[in-house]
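Anchor point for the sequence shown: position 3 equals 16 in our numbering, and the numbering is continuous, going up by one each time.
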Amino acid sequence: MSIVSSSLARIKASPTRAISARASELEREGKDVIALAAGEPDFDTPEHIRIAAIEAMNQGKTRYAPQGGVPELREAVCRKLKRENGLDFAPAQTVITTGGKEALYDAFIASLDPGDEVVIPAPYWVSYPDMVLLGGGTPVVVDSDPDNGFALSPQTLEAAITSKTKWLLLNSPGNPSGGVIDRAGLEALADVLRAHPHVWIMTDDIYEHVIYDDVVFNTIAQVAPDLHERTLIVNGLSKAYCMTGWRIGYAAGPKTIIDAMIKVQSQSTSCACTVSQWAGVAALDGDQSFIAANNTVFQERRDLALSILNQSNGLSCATPGGAFYLYVDCRGVMGKRTPNGATVGSDEDFVKYLLDSELVAGVHGAAFGMSPYFRISYALDTARLEEACLRIQRACGSLEG
Ligand SMILES: Cc1ncc(COP(=O)(O)O)c(C=O)c1O
């Protein structure tokens with residue numbers, strides 16, 4: 014009998030693992046590998062947030078947090094949702110989690126029965142389908158529209174909904190595409206959802222603040238207040254506040270689902286790190302101006318990478334409105350031959366070729382459920398990013414056929 018459970022056997026190992034393992038191997042050989050795979054800002058956590066954590070430690074705020082989270086942080090989350098999203102929540106309708114990841118995971122564990130379906134638009138963040146599987150549910154992957162900024166169309170949503178649909182999962186700005194669903198797009202989805210009152214909406218708003226140009230962030234409960242009662246908002250501090258390692262996320266929604274999530278949390282992590290929660294209060298209540306400053310840098314990098322990649326043979330990428338990723342269409346290199354005589358038959362082949370020939374590590378589109386694409390993160394030093402994109406351009410130029 015296997016020591017590994019059958020439910021875990023249904024989960025795939027991280028699809029980025031093979032490419033990361035190869036990248037580390039090349040690094041160990043002393044090669045100058047540029048990794049474009051990380052989903053985290055390269056900026057440090059702002060000083061006022063770090064100071065709040067130090068003060069919390071010195072004041073002895075180092076014990077277990079109360080169930081659901083430090084009350085001051087739950088209140089700060091409510092203030093944030095009112096201030097930025099125009100939404101009313103009571104602290105009891107929030108839960109503080111160990112990253113947005115735990116919020117998503119707890120929500121699925123708390124809500125899914127065998128056979129329950131979760132509609133997940135592709136390209137999706139790699140963890141969604143596996144979290145649904147771990148929760149005992151069934152991921153129903155549907156394609157979003159690459160010609161419309163990777164937004165989910167109302168027709169596709171309508172076709173995907175069955176009597177077993179429990180959740181629609183939305184993620185805008187999205188990982189890996191950076192796509193943003195605008196207000197009209199959300200209104201169109203809301204129209205479909207109104208006709209299916211049994212479907213709940215989980216909206217992963219973690220890239221809310223990482224937006225560019227004249228993009229305005231909208232979350233569905235704001236656009237369609239009548240859906241508020243069946244919407245769970247998931248958000249966190251990792252991305253905009255440069256706090257990936259602090260592990261603070263949160264969810265806000267109807268008390269039934271929040272209470273169920275707190276129950277899951279009480280039997281797993283107990284609470285998110287107390288010191289980090291106090292840092293989170295400073296993050297949400299404190300100065301927000303660094304966010305715009307960071308976005309200016311990200312936007313410059315986005316535009317730099319786009320201009321080089323769009324001048325590369327066989328690649329094309331539309332300008333995404335948010336997050337810090339480019340999801341590059343590479344169908345133009347499919348079927349071409351590398352200088353070693355190998356044929357590029359898939360996006361995974363292409364990503365391996367980029368790593369072996371030019372020491373650039375990206376992630377193949379198949380990992381995100383839509384091919385042939387590859388994802389790069391531009392959350393790294395601008396000069397290194399430019400060098401990486403020039404290497405990709407050179408690799409494309411060396412393909413034949
Ligand atoms: C779309 C999306 N959701 C959630 C997360 C989870 O972030 P964290 O657990 O650090 O808050 C990530 C991290 O990469 C993400 O890209």
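Just so it is clear, CB atoms sit at the ideal spot from N, CA and C, and this is done for glycine as well.
Are the CB atoms of residue j and residue i within a distance shorter than 9 angstroms?
| i | j | result |
| --- | --- | --- |
| Leu170 | Val193 | no |
| Pro59 | Asp300 | yes |
| Leu181 | Ile214 | yes |
| Pro333 | Ser190 | yes |
| Lys349 | Glu413 | yes |
| Gly81 | Thr111 | no |
| Tyr225 | Gln312 | yes |
| Leu250 | Gly262 | yes |
| Cys409 | Leu317 | no |
Throw me the rounded Cβ distance for the residue i and residue j pair, which I believe falls under 8 angstroms.
| i | j | result |
| --- | --- | --- |
| Leu245 | Ile270 | 6 angstroms |
| Ile389 | Leu339 | 5 angstroms |
| Tyr77 | Cys286 | That pair is no contact at about 10 angstroms. |
| Tyr391 | Phe337 | 5 angstroms |
May I ask which residues mark the beginning and end of the beta strand (DSSP E) holding residue i?
| i | result |
| --- | --- |
| Met274 | That residue, Met274, is in no beta strand (DSSP E); its alpha helix (DSSP H) goes Lys268 to Ser279. |
| Pro152 | Thr151 to Asp156 |
| Glu313 | It is not in any beta strand (DSSP E) - Glu313 instead sits in the alpha helix (DSSP H) that spans Ser302 to Leu322. |
| Arg23 | It is not in any beta strand (DSSP E) - Arg23 carries neither H nor E in the DSSP assignment. |
| Thr216 | Trp213 to Asp217 |
| Arg388 | Tyr386 to Ser390 |
| Leu368 | Run containing Leu368: none in the beta strand (DSSP E); it sits in the alpha helix (DSSP H), Asp360 to Glu371. |
Measure the C-alpha to C-alpha separation of residue i and residue j and round it to an integer number of angstroms.
| i | j | result |
| --- | --- | --- |
| Gln290 | Ala51 | 24 angstroms |
| Phe381 | Gln280 | 31 angstroms |
| His61 | Arg315 | 28 angstroms |
| Asp342 | Asp360 | 9 angstroms |
| Ile405 | Gly258 | 30 angstroms |
| Val228 | Gly335 | 8 angstroms |
| Ala105 | Ala173 | 33 angstroms |
| Ala292 | Ala273 | 26 angstroms |
| Phe230 | Gly150 | 30 angstroms |
| Ile122 | Tyr137 | 19 angstroms |
| Ala48 | Arg207 | 43 angstroms |
| Lys252 | Glu221 | 9 angstroms |
| Leu147 | Gln72 | 39 angstroms |
| Val90 | Asn248 | 10 angstroms |
| Asp218 | Arg63 | 24 angstroms |
| Gly128 | Leu21 | 17 angstroms |
| Met88 | Asp119 | The question names Met, yet the displayed sequence has Glu at residue 88. Rounded to the nearest angstrom, the two C-alpha atoms are 21 angstroms apart. |
Verify the contact flag: residue i, CB atom, against every heavy atom of ligand 1, threshold strictly below 8 angstroms.
| i | result |
| --- | --- |
| Val247 | yes |
| Thr257 | yes |
| Lys114 | yes |
| Glu221 | no |
| Gly52 | yes |
| Asn188 | yes |
| Lys365 | no |
| Asp378 | Before going further, note that residue 378 is Gly rather than Asp in the sequence given. Answer for Gly378: no, Cβ out of range of ligand 1. |
| Leu250 | yes |
| Leu86 | no |
On the DSSP letters alone, give me the boundaries of the alpha helix (DSSP H) that residue i sits inside.
| i | result |
| --- | --- |
| Leu339 | Unbroken run through Leu339 is the beta strand (DSSP E), Tyr338 to Asp342; no alpha helix (DSSP H). |
| Arg207 | Arg196 to Arg207 |
| Pro79 | Neither: Pro79 is in no alpha helix (DSSP H) and is coded neither H nor E. |
| Tyr118 | Gly112 to Ser124 |
Can a CB atom of chain B be found closer than 9 angstroms to the CB of residue i?
| i | result |
| --- | --- |
| Ala103 | The structure shown contains no chain B, having only a single protein chain. |
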